[in-house]
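Scroll down for the structure; my scribbles are underneath it.
Pasting the structure below:
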């Protein structure tokens, strides 16, 4: 198990990114959250198996059809076990 925090830059708000992230996370059995940030980025915090998280990051780097991901800042850490599900926060 691992954990990451990703800040996603680009055209990532108002394009269905949070819904996309929730679907992908649930398909991969990843827990955590996604939320829009005031500066126009999207924050994703996720915990899960290594392979699932790597796949999740690949999907996030592509995003939904209307999004354009310019870059992602990813920080890895040890999981805390604080999440049971993946949710969208406001």
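Numbering (the working numbering), first residue to last: 988 to 1077. C-beta atoms are modelled at their ideal positions from N, C-alpha and C, and glycine is treated no differently.
(request) Determine the contact status of residue 990 and residue 1051, defining contact as a CB-CB distance below 9 Å. (result) no
(request) Any chance you could list the alpha helix (DSSP H) runs of at least 4 consecutive residues sitting entirely within the stretch 994-1064, in chain order? (result) 1004-1015 and 1037-1049
(request) Would you check if the distance between the CB atom of residue 1047 and the CB atom of residue 1003 is smaller than 9 Å? (result) no
(request) Tell me whether residue 1027 is buried or exposed, calling it buried when 16 or more other Cβ atoms sit within 10 Å of its Cβ. (result) exposed
(message) Below 8 Å on the Cβ atoms is my contact criterion, and I expect residue 1075 with residue 1020 to pass it. Report the Cβ-Cβ distance as a whole number of Å.
(response) 7 Å
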